[in-house]
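So the structure is just underneath, and the comments pick up after that.
In the working numbering, the protein residues as written are 1421 to 1702.
Written out as structure tokens, the structure reads:
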């Protein structure tokens, strides 16, 4: 049985390597061209590699994310997986669960957010492995051992993160609801997957996590581990995304880019602090 479970983790790691490497190999900003989208707007298309049909704005963001996954997430996943085999513990299971959450976030963004390409089946496979990996990890964890309370600092962090992720994108969306027009950066896409993940899942999950922690429900600690790991990786992703956007020459103001990236990096720093504290107390 354990061999089958190890296979799921190994398959997830292999798929992460394949997907992220394919994205990184698409790094070429010289092949772009213009098209007219369904709203009659001119959109600049990236034109190269696996992201050839994605927009020139979004492709560098995707590639930046791929760098974070290959350079940071994959090695960390491998190390945690090997540690879990060598020295099984509830703490190592919790760490592995949190990394599956990062893989799920990444695969969901690709499966639902990029223009269709030849890696679609691999995206779906990675999404499936990540999702069922989370289910399996939750089953393996003894929730009764994680009935931790919460602190004032953690309360503030979860409230601010939850509310911010829900409210941050509203200025982009509300005007389009009133005017009936599309999003400014809808480009060649039908929707923005980041809005769905942040406002529909992660934001509410922060508030649910806080509620469970106050009730000293072990599930709250499990959710907290995943939320903190996601916030940490989003901070890394924002930095690599910003660097790729700057390298691409995409027309954007540096102050806006720095402010946006800086806010998520600050969030990641706080998440890293609470993450270290979580595992010390576990």
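Where a beta carbon is used, it is the ideal one built from N, C-alpha and C, also for glycine.
Item	Value
Opposing strand residues paired with residue 1672 [DSSP bridges]	In DSSP, residue 1672 forms no bridge with anything.
For residue 1421, three-class secondary structure by DSSP	With a pLDDT of only 48 at residue 1421, under 50, the local geometry of the prediction cannot be trusted, and no value is derived from it.
Residue 1443 versus 1672, 1499, 1526, residue with shortest Cα-Cα distance	1526
DSSP three-state assignment for residue 1454, whether helix, strand or coil	strand
Whether residue 1485 touches residue 1661 by CB criterion (8 Å)	yes
DSSP state of residue 1608 mapped onto helix, strand, coil	coil
Contact under 8 Å by Cβ, residue 1651 with residue 1581	yes
Nearest-angstrom Cα separation, counted from residue 1510 out to residue 1575	24 Å
For residue 1666: DSSP bridge partner residues	DSSP lists no partner for residue 1666.
Anticipated Cβ contact below 8 Å, residue 1477 with residue 1607, distance rounded	7 Å
Distance between residue 1655 and residue 1687 (C-alpha atoms, nearest Å)	7 Å
Outcome for residue 1657 when other beta-carbon atoms lying within 10 angstroms are tallied against a minimum of 16	buried
Contact under 8 Å by Cβ, residue 1629 with residue 1647	yes
Collapsed DSSP secondary structure at residue 1465 in the structure displayed	strand
Coarse secondary structure for residue 1531, derived from DSSP in three states	helix
Close-in-space but distant-in-sequence residues of the same chain around residue 1473 (CB under 8 Å, 5 per side omitted)	1465, 1466, 1535, 1536, 1537, 1608
Residue 1453 to residue 1671 span [Cα, whole Å]	15 Å
Where residue 1518 sits in the DSSP three-state scheme	helix
Cα-Cα separation, residue 1637 to residue 1547	28 Å
Beta-bridge pairing of residue 1548 - partner residues as DSSP gives them	For residue 1548, which the question treats as bridged, DSSP gives no partner whatsoever.
DSSP state of residue 1509 mapped onto helix, strand, coil	coil
Which of helix, strand or coil DSSP assigns to residue 1475	strand
Burial state of residue 1599, where buried means 16 or more other Cβ atoms lie within 10 Å	exposed
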